[in-house]
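In full-length UniProt numbering, the protein residues as written are 1 to 248.
Input: a single structure, listed below in structure tokens.
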């Protein structure tokens, strides 16, 4: 069963492994890999085990073509999570565009094992802006993504690294912008939405659109930080998750 979870998941469980009754799966932003969510996963720690989701076309999966279909991404991630969780209670956390993939995975999971969905710094599936970003010339695409804080400074400063991540960024934008949410689609669990005070791309009011996709309790949390919360203010996000989950 573990083989089915690889290579989609990277364990960051601080030695908890299967001893935990809860496990958090963290989905990073467009073009990013497990490294982007590792600090958050490490912050969460006990009592939940944690795992970062690694999509095709990045980090150790660079030899795979990135997927441009959000349904295929969600199917693959869901299969891996079911095999990895093995009956434990699941929390899904998605940052930026990863929030939409996490939402679709949540819809695919058995409601009996899904504890909650946490969405960070992204509008609801029914409010996605479609600009055809994946078709933009590389300089324009990179300018957009760097302004939004979605590419680390060390990658921006290295042309070779940047060339490696651009295909995954394009693929993720294509998957997101060609995705159409089903009418009435909702998650049978609590939905927790998080946004930074200094986020110039998204407001707390805009986050409330997620309430249309939650059949459980819906809450919005505004925390210190910019749009790229997981890079600069991951502890604030982990505090919200731990409080809402009762992990104190």
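Cβ atoms here follow ideal geometry from the backbone N, Cα and C, with glycine treated the same way.
Just so it is clear, the structure is predicted and the values come from calculations on it, not from any experiment.
* Asked: Which first and last residues belong to the alpha helix (DSSP H) in which residue 89 is found?
  -> Element bounds for residue 89: not the alpha helix (DSSP H) but the beta strand (DSSP E), 89-95.
* Asked: When the distance is taken between beta carbons, is residue 108 closer than 9 Å to residue 23?
  -> no
* Asked: Under the three-state reduction of DSSP, which class applies to residue 2: helix, strand or coil?
  -> Caution is warranted here: a pLDDT of 48 is assigned to residue 2, below 50, making its placement in the model unreliable, and no coordinate value can be reported.
* Secondary structure at residue 192, three-state DSSP: helix, strand or coil? -> strand
* Would you kindly check if the distance between the Cβ of residue 105 and the Cβ of residue 78 is under 9 Å? => yes
* **Endpoints, the beta strand (DSSP E) within which residue 102 is located** => Not the beta strand (DSSP E): residue 102 falls in the alpha helix (DSSP H), residues 98-108.
* Decide if residue 66 is buried, meaning its Cβ has at least 16 other Cβ atoms within 10 Å, or exposed. => buried
* Can you grab the Cα-Cα spacing for the pair residue 122 / residue 207, in whole Å? => 7 Å
* To do: Determine contact between the stretch 219-227 and the stretch 178-185, defined as no fewer than three beta-carbon pairs at a distance below 8 Å.
  => no
* Residues near residue 1 in its chain [Cβ-Cβ closer than 7 Å; skip 5 each side] -> With a pLDDT of 43 at residue 1, under the threshold of 50, the modelled position of that residue is not reliable, and the figure given next carries that caveat. Within the same chain, residue 1 has close Cβ partners 83, 86.
* Proximity winner among 54, 43, 44, 45, relative to residue 33 (alpha-carbon distances) -> 54
* Between the Cα of residue 229 and those of 120, 240, 97, spot the shortest distance and give me the residue it belongs to. => 120
* Find out if the Cβ-Cβ distance for the pair residue 238, residue 43 is shorter than 9 Å. => yes
* Alpha carbon to alpha carbon, how far is residue 220 from residue 196? -> 11 Å
* Asked: With C-beta atoms as the reference, is residue 129 less than 9 Å away from residue 141?
  -> no
* Spatially closest choice to residue 74 from 175, 231, 203, by CA coordinates -> 175
* To do: Go ahead and label residue 58 buried or exposed: buried means 16 or more other beta carbons lie within 10 angstroms of its beta carbon, across all protein chains shown.
  => buried
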